[in-house]
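Working notes for the structure below.
In the numbering used here, the protein residues as written are 31 to 100.
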């Protein structure tokens, strides 16, 4: 009986550490996307005056949206 309890505790510890790692990865990805979105908004303010830069910004925005979905 004691053997099974030890295994259960080990499994819980492994599961908790995996959850912590995935949470850390998610938060770092969110921070990265937030930085990219901030940079993008700065570029929009600077470059939205002409048509070529507007199309470039549209492509960057679509890439950001695709990256956010994954």
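C-beta atoms are modelled at their ideal positions from N, C-alpha and C, and glycine is treated no differently.
Helix, strand or coil: how does DSSP classify residue 64 here? Position 34 of the chain shown, counting from 1, holds the residue named residue 64. Residue state, collapsed to three classes: helix.
Of the listed residues 91, 81, 85, nearest to residue 69 (C-alpha basis): Here residue 69 corresponds to residue number 39 of the chain shown, with the count starting at 1. Relative to residue 69, the option among 91, 81, 85 whose CA is nearest is 91.
Contact defined as beta carbons within less than 8 Å: I believe residue 87 pairs with residue 66. What is the distance between those atoms, to the nearest angstrom? By 1-based counting over the chain shown, the position of residue 87 is 57. By 1-based counting over the chain shown, the position of residue 66 is 36. Between residue 66 and residue 87 the Cβ distance is about 13 Å, and since that is not below 8 Å, they are no contact.
Rounded to a whole number of angstroms, what is the C-alpha to C-alpha distance between residue 80 and residue 61? Numbered from 1 along the chain shown, position 50 holds the residue referred to as residue 80. Numbered from 1 along the chain shown, position 31 holds the residue referred to as residue 61. When only Cα atoms are considered, residue 80 and residue 61 end up about 30 Å apart.
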